[in-house]
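Number of protein chains: 2
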Amino acid sequence: MHVMVLGAAGMIGRKLSQRLAATGEIDGKNIDRLTLADTVAPEGPEAAFPVETVTFDLCDPADVVAMIGRKPDIIIHLAAIVSGEAEADFEKGYAVNLDGTRLLLEAIRAEHERDGYRPRFVFASSIAVFGAPFPTPIGDEFVRAPLTSYGTQKAICELLLNDYSRRGLVDGIGIRLPTICIRPGLPNKAASGFFSSILREPLVGQEAVLPVADTVRHWFASPRTAVDFLVHAAALHTEQLGPRRCLSMPGIMASVGEQIEALGRVAGDKATSLIRREPDETIAGIVAGWPEGFEAKRAESLGFRADASFDDIIRIHITDELDGKVG
Amino acid sequence: MHVMVLGAAGMIGRKLSQRLAATGEIDGKNIDRLTLADTVAPEGPEAAFPVETVTFDLCDPADVVAMIGRKPDIIIHLAAIVSGEAEADFEKGYAVNLDGTRLLLEAIRAEHERDGYRPRFVFASSIAVFGAPFPTPIGDEFVRAPLTSYGTQKAICELLLNDYSRRGLVDGIGIRLPTICIRPGLPNKAASGFFSSILREPLVGQEAVLPVADTVRHWFASPRTAVDFLVHAAALHTEQLGPRRCLSMPGIMASVGEQIEALGRVAGDKATSLIRREPDETIAGIVAGWPEGFEAKRAESLGFRADASFDDIIRIHITDELDGKVG
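These protein sequence lines map, in sequence, to chains A and B.
With UniProt numbering applied, the first sequence corresponds to residues 1 to 327, in that order.
With UniProt numbering applied, the second sequence corresponds to residues 1 to 327, in that order.
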């Protein structure tokens, strides 16, 4: 089985590639070829089968046709411009997040019409397809009414994925990932960055800034669980989905206060004392429009499983990123 | 004020053009120029101000740029490939219903960036953005999960309209029209055709075929009320809408049995006796996936008004199409 990961150089893409290289299978079927693609060459993990790393431009029709011409059995599409950049650069966001995905689906349709090709297509969508006002929790039948161009682009791709799948052109599934926490690496300027940094920095003895109130609630999954979701989506027997192919993933709802309590339980008061409260009205305003939590009934009934607890989300980071050490 | 109607040669487009020519105003502001555009030259009604009829191709970027270059203050966009054709011809449906609308929005964005141009843009969406399973009535916050390519294209355009409006590039409003009844003219092959023909043909002494059970329920507006909706949308003070710019219109929910009872009340037993029951499983299957009714709270609170009753829907046809005579 040939598996292709698009956007393989990103954080989730790298972890997914490592997982696929290590397990060598999806749904009990052996992977015999792995193609990792991104705008910059992704790292190729060690594996018992050929791993090819390639660069490609999702906005270049010829590149996209060439990628699909490799006829992967499973395509996991993570490539995207992130939310902040899609908001700042209207044209780039639409070109990559909407038109790039449409080029992929159109290239698949062309191969389908030639020989019946119909790959599994796992699309990384986002909870940004939802916009305030919304209930907490947000149910599976709640309107997708995004408040950003990024969320709009993801919501449109969900609609396309449903229609192409309904017509039998592709075997699509879209999963709306919770906010990934703890995101490894350096602090970044994303408005959501503090959800990770207030944990990540104290775990290595550094100060972190908290720009919002302790009562702010949000929806989380660890990177390990996000990879679980993608692999489970690649393995799912999609006849269970019916025409609605896109699912909100289960997650852990936690307030900032609950995040900090979990940090105290796992890493002690020394860690929590490193969080410095510096209210930032701009960030607080942005975050106020974000979903707090979901009732992910459909995904749960299809076997998608959230992290066990927020404490576990922190322990996963300590295990996977810090060699088990706090300090 | 310069008003432009795109898709002006269609049934609703013609009635809307006549209305605008007759009243000469929208929201108390005088119309001083009316441009009627379609793929074939629309009829130009008599008016007290210049009415220009033009042909254009919604799929031709140069044509679209030229249309928007006329800088209408209000654009009413009715141009579309109908549901059946969009399902039969994948490429044409996406080219016209999605890419054509996007060309319009992009041409507006280009003018906006040049000089701040920001027209009112009234988009005719459809209840086809909803797909089974759904509750009856369908509320304003229910997921748009279309089961046709036409519904997908309309749902995508709604998302684009919201995003372009949120960014201040256009002053958009989308309205989801109920099924128009009684549609004037000859019987057509649309699966929904019988909802009109079982009334229209008996009103002129001709037989009509009913392919579904009397219990089938659906959601209706008269052509006159559909025009009211479009004019009201063109006049609306859109700051009331917030970021969700697309609305399900109010309508009359009626079962086929209730349609026939109304026909009996308005036109007598002679009319109802002309309906011949010929069950057609294919049509029954298609119609089973269609919405039955809506709770159009937002639209009602914004002043959109449904027909008074199904009897009235029949009377409007008799007045507007049959010179008041039943035969």
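The beta carbon of each residue, even a glycine, is placed where N, CA and C say it ideally should be.
Near chain A, meaning a CB-to-CB distance below 8 angstroms, the residues of the stretch 237–248 of chain B are P243 and R244.
Minimum Cα-Cα distance from A:K15 among the listed residues A:S149, A:R118 and A:E43 corresponds to A:E43. With contact defined as three or more Cβ pairs closer than 8 angstroms, the stretch 142–158 of chain B and the stretch 97–105 of chain B are in contact.
A:S126 carries a strand assignment under DSSP once its states are collapsed to helix, strand and coil. When C-alpha distances from B:A271 are compared across B:P279, B:E261 and B:E278, the shortest belongs to B:E261.
Residue pairing from DSSP places B:R33 in a beta bridge opposite B:H2.
Contact of B:R200 with chain A is not assigned, every C-beta pair being separated by 8 angstroms or more. With a contact defined as Cβ atoms closer than 8 angstroms, B:Y150 and B:S83 qualify at about 4 angstroms. Interface criterion met: the Cβ of A:D163 is under 8 angstroms from a Cβ in chain B. In the three-state reduction of the DSSP assignment, B:L20 falls in the helix class.
Not one beta carbon of chain B lies nearer than 8 angstroms to the beta carbon of A:T225. The beta carbon of A:P61 sits closer than 7 angstroms to those of L103, all from its chain and outside the five residues before and after it, given in chain order. Taking the Cα positions, A:P279 is about 18 angstroms away from A:W290. Residues L302 of the same chain have their beta carbon placed closer than 7 angstroms to that of A:Q240, with the five preceding and five following residues left out of the count. At least 8 angstroms separates the CB of A:A191 from every CB of chain B.
If you check the CB distance, A:R144 and B:R277 do not come in under 8 angstroms.
Residue environment: B:R265 is assigned as exposed (fewer than 16 neighbouring CB atoms within 10 Å of its CB, all protein chains considered).
Rounded to whole angstroms, A:G131 and A:G13 show a C-alpha spacing of 26 angstroms.
For the options B:P135, B:G69 and B:I182, the alpha carbon positioned closest to that of B:I316 is the one of B:I182. Note on geometry: alpha-carbon atoms of B:P202 and B:A47 lie some 35 angstroms from one another. When the beta-carbon positions are compared, A:M4 and A:P50 stay at least 8 angstroms from each other. One thing to note: B:A306 has its Cβ within 8 angstroms of the Cβ of B:P250.
Taking a C-beta distance under 8 angstroms as the contact criterion, A:P137 and A:D171 do not qualify as a contact pair.
Linking B:D323 to B:G268 through their CA atoms gives a straight-line distance of about 18 angstroms. Of all residues in the stretch 126–141 of chain A, only G131 and E141 come within less than 7 angstroms of chain B when Cβ atoms are compared, listed by chain position.
Not one beta carbon of chain A lies nearer than 8 angstroms to the beta carbon of B:T101. In this structure, the CA atom of A:I286 is about 47 angstroms from the CA atom of B:F310. A:N162 places its beta carbon less than 8 angstroms from that of A:P243. About 31 angstroms separates the CB atoms of A:I127 and A:R70; that is not less than 8 angstroms, and the two are not in contact. Listed along chain A is no residue with a C-beta nearer than 8 angstroms to that of B:V64; the closest approach is about 17 angstroms.
As for any alpha helix (DSSP H) of minimum length 4 sitting wholly inside the stretch 124–191 of chain B, the runs are 149–166, ordered along the chain. Taking each of B:R167, B:P184, B:L147 and B:I173 in turn and checking the Cα distance to A:R166, the smallest one comes out for B:L147. If you ignore the 5 residues before and after A:L105, its C-beta comes within less than 7 angstroms of the C-beta of L160, Y164 and V170, all in its own chain and listed in chain order.
Within the stretch 150–176 of chain A, T152, A155, I156, L159, L160, N162, D163, R166 and R167 place their CB atoms closer than 8 angstroms to a CB of chain B, listed in sequence order. In the structure shown, A:I198 adopts helical secondary structure according to DSSP, grouped into three states. Per DSSP, the beta bridge partners of B:H77 are B:L6 and B:F123.
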